[in-house]
Amino acid sequence: MTLTAMQHYWPLVLSNLKNTLPLSHFNTWFSAVKFKELSDDGRKITLIVPSQFNKTYLQSKFNSQIREAVQKYYPNVVHVEYVVEVEKDEEKPQSQSAIEFSVTETDDELDIVTKPKFAKPKNLHNLNPKYTFENFITTNCNELAVKVAKSIAAKPGQLYNPVFLYSGVGLGKTHLLQAVGHAVLEKFPSYQVRYSTCEQFFNLFLSSVQQRNNQSFKEYFRDVDVLLIDDIQFIAGKEATQEAFFHTFNELHQQNKQIILTSDKPPKSLGAIEERLISRFEWGMVVDISKPELEDRLNVLDHKLKQLNLNLPQEYLIRIGEAVNTNFRDLEGVLNRLQARLQLIPGKPLETYELEKVLSNFSGSLPIKINIPSVSAGPIELIDYICQITHVSKEELLGKSRQQNIAQARQIAMYGAKEFLHLSYPAIGSIFKRDHTTALHAWQKIHGLLGKDAWVTKIVDTLRVKMI
Ligand code: ADP
Ligand code: MG
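Counted the way my numbering counts, the sequence shown spans residues 1405 to 1872.
Written out as structure tokens, the structure reads:
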């Protein structure tokens, strides 16, 4: 009997823990910990521990390290459960026991001998429940990719094979890839679907070589109807893994099993990848998701706001759509931050400066308009402008408050007076009713934040444009 795939990751988790923990701790506390099962939704992993004491100790001392190591290989797991099971003797009935392994030292390498004892694998597909077609918004930039994905999901292995989907980061490749997996399982519940990142493929291959057991590796990747490999670009430069993938690919392709690959670039640009693989990647359908235009971004924004049940004024939406011109992941990030702010202070509408603060990591200068004829711009205009952007009043700016946002606005104003109006420190000191050393300190403080604090940098950049 062979090692089932979900168990197969467990030795990798152990290896990982072994590298991060002192050896004595690892040997004492982990050498008897075993994989029991993964819940159907992939969110809970259950481990077998030999005693209540061992359980308590792991939970109190190593819980976060265990969770971190587990999540590297079981990315959906949010909960780690320990059950105490005492091993009675070697001859357990097969159905009861989880995978067994013993840990021995060889040249400081972890040598994990696996003796799998049960066969019923669970949740082998490795899909994230969030990434479905229902949650995926079709817009101009991904329209063709969605059409291809949906037709493949309806007739896996019969239309285009392989499908090679590429785009820049955060544009929905992983989401779309997994959506196909979910849709296939819905329509053909008996189909075997496997989602794997290229990195997982590589790690499993490596561990199969180390264990001299490539049967389970083969089964995991070849006993499938739909194979979904994410970020195939990472196979570049890994020759042995390419060889393994080549054979996997051929076998599946010959049997008309559906293969879908994603990448951050088209096949021809993949770099250190064997030509025979590249040509195979191009056999079927190569499709991309293009960089979203403003219309695409507004479209996705609109849908996401509805999903999140968020209400924002129309001009904010346009501002977000214009500013976040990178990808949909960034767009989601901005909406999550705005949602958090609105939930934390529910009664208070979002101010422009708060929105600008959230947007400050994105390109483009601040939109607040101010008419400064550039030659005559002086301290009054500068102060007015800083007040508008930071939402601090003139009285506060020129007053004594040390409140963080007020003090920082004041420092930016002093910095601007030195940098763009070329005033001396004593002159700046007298405008702000402060010592010249305070003005110098303000300049140093803001200078130190440039390039590190996105919000401060943005304001200074905008001042540079406006004041010169
Ligand atoms: P990639 O794999 O191309 O880097 P992901 O699939 O991880 O991108 O997408 C990044 C985030 O953006 C995910 O949370 C995903 O759900 C979301 N996303 C991307 N495109 C869309 C879309 N068209 N509709 C809804 N969400 C999307
Ligand atoms: Mg991805």
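Where a beta carbon is used, it is the ideal one built from N, C-alpha and C, also for glycine.
- When the five nearest sequence neighbours on each side are left out, the beta carbons in the same chain lying within less than 8 Å of the beta carbon of G1574 are those of T1730, N1731, F1732, R1733, D1734, in order along the chain.
- Between the alpha carbons of V1691 and W1847 lies a gap of roughly 51 Å.
- At a threshold of 6 Å, R1741 does not count as near the ligand ADP, since its beta carbon sits no closer than that to any of the ligand's heavy atoms.
- CA-to-CA, the gap between N1715 and L1702 works out to about 14 Å.
- At a threshold of 6 Å, K1577 counts as near the ligand MG, since its beta carbon sits closer than that to one of the ligand's heavy atoms.
- Assignment of Q1662 by DSSP, reduced to helix, strand and coil, places it in the strand class.
- Boundaries of the beta strand (DSSP E) around Y1570: 1567-1570.
- Around the beta carbon of I1636, a 10 Å sphere encloses 16 or more other beta carbons of the protein chains shown; the residue is thus reported as buried.
- In the DSSP assignment, S1694 falls outside any alpha helix (DSSP H) and carries neither an H nor an E.
- Note that the C-beta distance between V1630 and V1588 is below 7 Å.
- Of all alpha-carbon atoms in H1579, H1586, A1640, the one lying nearest the alpha-carbon of F1605 is that of A1640.
- Short note on I1633: C-beta not closer than 6 Å to any heavy atom of the ligand ADP.
- With respect to the 7 Å criterion, H1840 and P1830 are classified as neighbours on the basis of their beta carbons.
- The Cβ-Cβ distance between Q1815 and K1849 falls below 7 Å.
- Across the structure, N1660 and Y1595 are spaced so that their CA atoms are roughly 13 Å apart.
- In terms of side-chain proximity, the C-beta atom of V1584 is found no nearer than 6 Å to any non-hydrogen atom of the ligand ADP.
- For E1699, the shortest C-beta to heavy atom distance toward the ligand ADP is 6 Å or greater.
- One Cα belongs to F1609, the other to D1627, and the distance between them is close to 15 Å.
- According to the DSSP secondary-structure assignment, Y1486 is paired through a beta bridge with L1451.
- Taking 4 residues as the shortest admissible run, the region 1707-1775 contains the following complete alpha helix (DSSP H) segments, listed from N- to C-terminal end: 1718-1727, 1732-1748, 1756-1762.
- Separation of I1810 and L1801 (C-alpha to C-alpha, rounded to the nearest whole angstrom) is 6 Å.
- Relative to the non-hydrogen atoms of the ligand ADP, the Cβ of I1541 comes within a distance shorter than 6 Å of at least one.
- Annotation for F1625: the continuous alpha helix (DSSP H) segment containing it runs 1618-1626.
- The DSSP-derived three-state label of K1438 is strand.
- S1620 and E1699 have their C-alpha atoms roughly 47 Å apart.
- For I1541, there is no enclosing alpha helix (DSSP H), as DSSP marks it with neither H nor E.
- For G1820 against L1867, the beta-carbon gap comes to about 5 Å, under 8 Å, which counts as contact.
- R1616 counts as exposed, since fewer than 16 other beta carbons sit within 10 angstroms of its beta carbon.
- DSSP places L1631 in the strand class (E or B) of the three-state scheme.
- The nearest non-hydrogen atom of the ligand ADP is less than 6 Å from the C-beta of G1574.
- Counting every other CB atom within 10 Å of its CB across the protein chains shown gives E1441 a total of 16 or more, marking it as buried.
- Short of 8 Å from the beta carbon of A1557, and not among the five residues preceding or following it, lie these beta carbons of its own chain, in chain order: F1537, A1583, V1584, A1587, V1588, K1591.
- Contact between V1487 and V1481 does not hold, since the beta-carbon distance rounds to 16 Å and is not under 8 Å.
- Under the three-state reduction of DSSP, Y1478 is assigned to coil, being neither helix nor strand.
- In the three-state reduction of the DSSP assignment, R1680 falls in the helix class.
- For D1857 and Q1812, the gap between their C-alpha atoms comes out near 12 Å.
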